[in-house]
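Note sheet for the following structure.
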Amino acid sequence: MTKFTHDAEEEESMDSKPTFEEIISKYSRALVLVAHPDDPEFFCGGTVARLAQAGLTVHYLILTSGDKGGDDRSLSNEELAAIRVEEQEKAARHLGVAQVTCLKYPDGFLTPSYEVLRDAVRYIRRFKPDIVLTQDPGALYTRGVSHRDHRAAGLIALDAVFPAARNHRYFPELLQEGLEPHVVRELWICRTTEPDLDVDISAVFDLRTEALLNHKTQIRDPKAFVERMNNYRASQEGPVLERYRRLVLG
Ligand SMILES: [Zn+2]
């Protein structure tokens with residue numbers, strides 16, 4: 000396009016914004032790095048389904064086992080954690096995810112410690128994702144207060160991707176494990192207040208709902224949940240979207 004006016008320039012930059020399909024056509028692996036079992040489906044489940052359907056290998060790295068997510072006093076924290084990890088595996092399989100890894104840091108007290116950052120970098124160097132999807136480290140509140148673990152997971156993901164995973168001077172012990180630096184191409188921040196990438200999940204919306212229903216400890220009334228999801232879908236005038244802030248790291 001020939002640029003004559005300021006408006007033309009603006010138009011061009013709008014035109015040149017790549018679509019989800021164009022972006023992912025260059026890539027083969029995506030990692031969802033979040034705090035709790037059920038976060039992947041709630042935060043980006045439709046996108047996960049679309050990535051898997053497009054042929055990308057999708058892995059989950061979940062930093063805690065969600066051992067505080069439930070008020071049933073007959074279950075110990077350990078029992079609840081074991082159930083939630085199993086629920087997560089079923090939900091992930093439903094969306095076509097290849098592998099789920101749970102690091103089992105304590106739920107509710109996630110911090111960007113040396114250990115958790117090193118574990119995240121280890122995973123990234125091993126799996127070599129092109130895209131990492133994570134939670135918004137800056138969102139103190141959206142509709143309600145955002146969970147501290149979600150913010151911490153976002154911060155851990157950002158710090159792990161840049162610069163630690165790509166810089167051999169971080170965690171030299173990982174080099175001894177044979178894990179060379181890896182450059183993650185893009186970070187997608189879920190449920191951000193500053194989205195610049197829309198993913199149309201209309202075609203996989205029901206698949207996402209079905210995947211979510213595997214999180215039985217988190218959904219007390221499945222019938223009411225499905226109704227709520229269907230009402231949400233019906234309330235959308237256009238396509239159902241999952242929206243991201245996209246950081247291109249090259
Ligand atoms: Zn969560």
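Residue numbers for the sequence shown follow numbering that gives the first Met the number 0, so the first one is 0 and each next one is one higher.
Using N, Cα and C, we set each Cβ at its ideal position, and we do this for glycine too.
The structure displayed is predicted, hence computed values, not measured ones.
Is it right to say residue 167 is buried, meaning 16 or more other beta carbons lie within 10 angstroms of its own, or is it exposed?
-> Working through the sequence shown from its first residue, we reach residue 167 at position 168. So residue 167 counts as exposed.
Who are the Cβ neighbours of residue 102 in its own chain at under 6 Å, not counting the five residues just before and after it?
-> In the sequence shown, residue 102 corresponds to position 103, counting from 1. Listed in chain order, the non-local C-beta contacts of residue 102 below 6 Å within the same chain comprise 62, 118, local neighbours out to five positions each way being set aside.
Residue 134 vs residue 189 beta-carbon contact at 7 Å = Along the sequence shown, read from residue 1 onward, the residue named residue 134 stands at position 135. Along the sequence shown, read from residue 1 onward, the residue named residue 189 stands at position 190. In contact: residue 134 and residue 189 (Cβ atoms closer than 7 Å).
Alpha carbon of residue 220 to alpha carbon of residue 226, nearest angstrom | Stepping through the sequence shown from its first residue, residue 220 is reached at position 221. Stepping through the sequence shown from its first residue, residue 226 is reached at position 227. Near 10 Å, if we compare the C-alpha coordinates of residue 226 and residue 220.
Cα separation between residue 113 and residue 80?
-> For this step, residue 113 is matched to residue 114 along the sequence shown. For this step, residue 80 is matched to residue 81 along the sequence shown. Cα to Cα, residue 113 sits roughly 23 Å from residue 80.
Determine the burial state of residue 4: buried for a count of at least 16 other Cβ atoms within 10 Å of its Cβ, exposed for fewer.
-> By 1-based counting over the sequence shown, the position of residue 4 is 5. Unreliable placement is indicated for residue 4, whose pLDDT of 44 sits below 50; the coordinate value is still reported in the next sentence. Residue 4 is exposed by the Cβ-count criterion.
Consider the C-beta atom of residue 181 and the heavy atoms of ligand 1; say whether any pair is separated by less than 6 Å.
-> Against the sequence shown, residue 181 aligns to sequence position 182. Checking the 6 Å criterion, the Cβ of residue 181 is out of range of every heavy atom belonging to ligand 1.
Express the C-alpha separation of residue 77 and residue 186 in angstroms, rounding to a whole number.
-> Numbered from its first residue, the sequence shown carries residue 186 at position 187. Numbered from its first residue, the sequence shown carries residue 77 at position 78. Cα to Cα, the separation comes out at about 32 Å.
How is residue 215 classed by DSSP in three states: helix, strand or coil?
-> To locate residue 215, count along the sequence shown from 1; it is residue 216. Of the three classes helix, strand and coil, the one that applies to residue 215 here is coil, per DSSP.
For residue 81, which three-state DSSP category applies?
-> Reading the sequence shown from its first residue, position 82 is the one you call residue 81. Correct three-state label for residue 81: helix.
Which partner residues of residue 197 appear in the DSSP bridge assignment?
-> For the purposes of this step, residue 197 is taken as the residue at position 198 of the sequence shown. As computed with DSSP, residue 197 is found in a beta bridge with 242.
Would you identify the three-state DSSP class for residue 58, choosing helix, strand or coil?
-> Along the sequence shown, one-based indexing puts residue 58 at 59. If DSSP states are grouped into helix, strand and coil, residue 58 belongs with the strands.
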